[in-house]
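Visitor: Dropping a structure here in structure tokens format, bear with me for questions.
Residue numbers (the numbering used here), protein chains in the order written: chain C, 61 to 213; chain V, 1389 to 1959.
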């Protein structure tokens, strides 16, 4: 049985991508893992390190909830999904979860077109890094459709 | 574990530094009567063109052909000075020197000297010194504007920017002392006198109290109760959440309130199937306004209260009704603005999600909550009663924080870490920079300019302060703005008939806080809220915030203005 890893922030704009990954997992009869990674770096950037611990806890609760919502979407579509919540660096968390859960396919969502220029660079470097480190299949999904990052049109 | 003694020493050292600085400040302030025991006394008082007493002017008595002064003194906080002479010479002149003012020499005539000889004391008429625009004036002004720009454009963290400003002022003054006197702004000792220790200790103590309360889960519990009470009606939910946020901000602080209310509000919004920002943006707007009604609700109120001697009761009595009306108008606008969202509510929240919400919205430490609420109530009583017995709010706050530390025995290192030292250092450095522009006369110039515009019209002055400061607050950080406006408001309060009621300070409080709602970058609570929502894939864009925030800013500012006009009978 294949294992698919899909990191999500859980916002409303990610619902179409979540549905597409659920459909893919169902089609492949694959195990689906939703990953949420929280990071309190924004607090450090704003200079409010004194609240880091309490905010970390809150974000972890929030991540659990967002992934519970994603699991409900999977259940409604007739599939079961697992969840993993991590804190800290997103890239590090992805590497760790791929290794720990023997992931075969990594699916990453590409956000809307307005931020595509900068995000494409980030995604390309992430994809390259994941492929080199784990030799696994990487798919990019945007607005519910699989896309080729080199030919977004 | 082996670092624990060091940590204890560090914590103790910080506390001792605070206490010693206060003592040093008190001891180092010259006493009015110093050196007045013997001989003959020449006294007087100095004022600036705005009628404010001039502090730290150097006064010396000279006799002809003698370079050295025969007596020296320094003007005190009320502008008074006393020169003590051991005999009455045949000719004496009194020299008055104060940086940023034109020097004056008073020649005492024979009649003056005869009176001095006869009565042992000679009172010179009150003197008004003229301002002098020096190179220091322009340098201090440039430093202050640079500080505001650095903060506004986020080129440096506000604390770093304020420290840079304070360092620049002190460096220029040191160079001025050594090489070019016209560059002098103020020295370190003088800069320290501008630090308001009452503000520092009150903010520090409240940070400890909030750090204990924030871990109890009370914020999350109230948000979940709001959801239950609303029974799935999202427009009711947003109104309850706004009310809860406003009250929590008034009693604790809006930054922490939003930090803890945002994640659970986001979960509730998503579970209901609406855009969670339709709940969260109104909450942050309410948090910025709700704090206005108490002394501890906003950092600007703490500054204003300490500067003008406005107590907890005064804020509550004079601002609350205006704030409630402003919040009601805000609620109405929000319901209209997000009307499409309210129609989107999904059929209901599943059992699993409801249980998760309930779990996240539980009281995590009931024992700590009970104890901290008891102490908090006593702190509030201390604020109210303290005013009547001339005890400043910092005192009950410090006592309350200490009682909490003893009663609950939290990890002291965590509690010390919970104190936001960056904010406290920001305040200290900022006070020095604002002191610099006050010293060189920039603030006096602004005060005179506003005074010329408003004349003796109190209503116009209220309007200018509420709307003007509110508009500036949308782009300029409200804490430095309020800190620099305080001496301006003090001058206007003394010169406009009817303004002695301190109404202009309340106008400053309303303007500075309500203005923070204009733009996303207008307040710390806005930025931290945006940081959290971005973590959940629901980022708040500048435009999205502006569309709701800017109209609400001007609606609430106008209501605030009208309320103060009614409350203080300024129509």
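All C-beta atoms in this analysis are idealised placements derived from N, C-alpha and C, irrespective of residue type, glycine included.
#1: Mind listing which residues of the region 1606-1625 of chain V have their C-beta closer than 9 Å to chain C's C-betas, in chain order?
#2: Measuring only between beta-carbons, confirm whether residue 206 of chain C sits less than 9 Å from chain V.
#3: Only counting runs of 3 or more residues, tell me where the beta strand (DSSP E) segments fall wholly within the region 71-155 of chain C, in order along the chain.
#4: With a cut-off of 9 Å, does the C-beta of residue 1746 of chain V fall near any C-beta of chain C?
#5: With burial defined as no fewer than 16 other Cβ atoms inside 10 Å of the residue's Cβ, what is the status of residue 195 of chain C: buried or exposed?
#6: Give a yes or no on whether the minimum CB-CB distance between residue 1953 of chain V and chain C is below 9 Å.
#7: Is residue 1806 of chain V closer than 9 Å to residue 110 of chain C when the C-beta atoms are compared?
#8: Apart from the five residues just before and just after residue 1420 of chain V, which ones in its own chain have a Cβ nearer than 6 Å to its Cβ?
#9: Does any residue of chain C have a CB that is nearer than 9 Å to the CB of residue 1419 of chain V?
#10: Kindly provide the ranges of any alpha helix (DSSP H) runs that are 4 or more residues long and lie completely inside the region 1826-1864 of chain V, ordered along the chain.
#11: Contact defined as beta carbons within less than 8 Å: I believe residue 97 of chain C pairs with residue 150 of chain C. What is the distance between those atoms, to the nearest angstrom?
#12: If I'm right that residue 1614 of chain V touches residue 1679 of chain V with Cβ under 8 Å, what's the distance once you round it to whole angstroms?
#13: So what does residue 1428 of chain V bridge to, in DSSP terms?
#14: Taking residue 1651 of chain V as the query, report the chain C residues whose CB atoms sit under 9 Å from its CB, ordered along the chain.
#15: Quick one: which unbroken alpha helix (DSSP H) runs of 4-plus residues sit fully inside the region 1449-1512 of chain V? Chain order, please.
#16: Quick check: what's the CA-CA separation for residue 1505 of chain V versus residue 1497 of chain V?
#17: Please list the partners that residue 69 of chain C has in chain V, where partner means a Cβ-to-Cβ separation under 9 Å.
#18: Using the beta-carbon count (16 or more within 10 Å), is residue 1872 of chain V buried or exposed?
#19: Are the C-beta atoms of residue 129 of chain C and some chain V residue less than 9 Å apart?
#20: For residue 1334 of chain V and chain C, any beta-carbon pair shorter than 9 Å?
#21: Classify residue 1777 of chain V as buried or exposed, calling it buried when 16 or more other Cβ atoms lie within 10 Å of its own Cβ.
#22: With a threshold of 16 other CB atoms inside 10 Å of the CB of residue 1655 of chain V, please say whether the residue is buried or exposed.
#23: Quick one: what's got a C-beta closer than 6 Å to residue 1644 of chain V's C-beta in the same chain, skipping five residues either side?
#24: Can you list the residues of chain V that residue 102 of chain C reaches, using a CB-CB cut of under 9 Å?
#25: Expressed to the nearest angstrom, what Euclidean distance is found between the alpha-carbon atoms of residue 1697 of chain V and residue 1957 of chain V?
#26: What does the alpha-carbon distance come out to for the pair residue 1472 of chain V and residue 1448 of chain V?
#27: Taking 9 Å as the threshold (C-beta atoms), are residue 94 of chain C and residue 78 of chain C in contact?
#28: Would you please verify whether the beta carbon of residue 1595 of chain V is less than 9 Å from any beta carbon of chain C?
#29: Could you name the residues of chain C that residue 1602 of chain V contacts, counting a contact when the two beta carbons are closer than 7 Å?
#30: From residue 1578 of chain V to residue 1560 of chain V, what does the alpha carbon distance come to, in whole angstroms?
#31: My output table needs one value for residue 1520 of chain V: the three-state DSSP class, helix, strand or coil.
#32: Is residue 1643 of chain V close to chain C, meaning its C-beta is less than 9 Å from at least one C-beta of that chain?
#33: Given a cut-off of 9 Å on the beta-carbon distance, is the pair residue 1741 of chain V and residue 128 of chain C in contact?
#34: Please report how far the alpha carbon of residue 1812 of chain V lies from the alpha carbon of residue 1739 of chain V, in whole angstroms.
#35: Does residue 72 of chain C come within less than 9 Å of chain V when only Cβ atoms are used?
#36: Helix, strand or coil, according to DSSP, for residue 1416 of chain V in the structure here?
Guide: From the atom records:
#1: Within the region 1606-1625 of chain V, 1608 place their CB atoms closer than 9 Å to a CB of chain C, listed in sequence order.
#2: It does not: the Cβ of residue 206 of chain C has no partner Cβ on chain V nearer than 9 Å.
#3: Correct list: 91-98 and 141-147.
#4: For residue 1746 of chain V, not one C-beta of chain C is nearer than 9 Å to its own C-beta.
#5: Residue burial annotation: residue 195 of chain C is exposed, with fewer than 16 other C-beta atoms found within 10 angstroms of its C-beta.
#6: False, the Cβ-Cβ gap to chain C never drops below 9 Å.
#7: Taking C-beta atoms as the reference points, residue 110 of chain C and residue 1806 of chain V count as a pair closer than 9 Å.
#8: Caution applies to residue 1420 of chain V, whose pLDDT of 42 falls short of 50 and renders its modelled position unreliable; the value that the coordinates give is listed next. Within the same chain, residue 1420 of chain V has close Cβ partners 1464.
#9: With a pLDDT of 41 at residue 1419 of chain V, under the threshold of 50, the predicted position of this residue should be treated as unreliable, though the coordinate-derived value follows. Cβ-Cβ to chain C under 9 Å: no for residue 1419 of chain V.
#10: Listed in chain order, the alpha helix (DSSP H) elements of length 4 or more contained wholly in the region 1826-1864 of chain V are 1830-1842, 1846-1851 and 1858-1861.
#11: The pair is a contact, with the Cβ atoms about 5 Å apart (cut-off 8 Å).
#12: Residue 1614 of chain V to residue 1679 of chain V, Cβ: 19 Å. No contact.
#13: According to DSSP, which records beta bridges pairwise, residue 1428 of chain V is partnered with V/1473.
#14: The contacting residues are 115, 118, 119, 121, 122 and 125.
#15: Counting whole runs of 4 or more residues, the region 1449-1512 of chain V contains the alpha helix (DSSP H) stretches 1498-1507.
#16: Going by C-alpha positions, residue 1505 of chain V is about 12 Å away from residue 1497 of chain V.
#17: Listed along chain V, the residues sitting closer than 9 Å to residue 69 of chain C by beta-carbon distance are 1922, 1923, 1924, 1925 and 1926.
#18: Buried, because 16 or more other Cβ atoms sit within 10 Å of the Cβ of residue 1872 of chain V.
#19: True, the Cβ-Cβ gap to chain V drops below 9 Å.
#20: The structure shown does not extend to residue 1334 of chain V, since chain V is modelled only from 1389 to 1959, so the question has no answer here.
#21: Exposed.
#22: With 16 or more other Cβ atoms within 10 Å, it is buried.
#23: Non-local C-beta neighbours of residue 1644 of chain V in its own chain, meaning closer than 6 Å and more than five positions away in sequence, comprise 1598 and 1602, ordered along the chain.
#24: Residues of chain V passing the Cβ test: 1915, 1916, 1918, 1919, 1920, 1922 and 1923.
#25: Cα to Cα, the separation comes out at about 21 Å.
#26: Approximately 10 Å between the Cα atoms of the pair.
#27: Cβ atoms of residue 78 of chain C and residue 94 of chain C: closer than 9 Å.
#28: Output row for residue 1595 of chain V: interface = yes.
#29: Using a Cβ-Cβ cut-off of 7 Å, residue 1602 of chain V is close to 114 of chain C, given in chain order.
#30: Taking C-alpha positions only, residue 1578 of chain V is separated from residue 1560 of chain V by approximately 14 Å.
#31: Assignment of residue 1520 of chain V by DSSP, reduced to helix, strand and coil, places it in the coil class.
#32: Cβ-Cβ to chain C under 9 Å: yes for residue 1643 of chain V.
#33: It is a contact, given that the beta carbons lie within the stated cut-off.
#34: Each residue's alpha carbon lies about 45 Å from the other.
#35: Judged by the 9 Å Cβ criterion, residue 72 of chain C is in contact with chain V.
#36: Bear in mind that a pLDDT of 48 at residue 1416 of chain V, under 50, signals an unreliable position, so the number given afterwards is only what the model happens to contain. Taken through DSSP and simplified to helix, strand or coil, residue 1416 of chain V comes out as helix.
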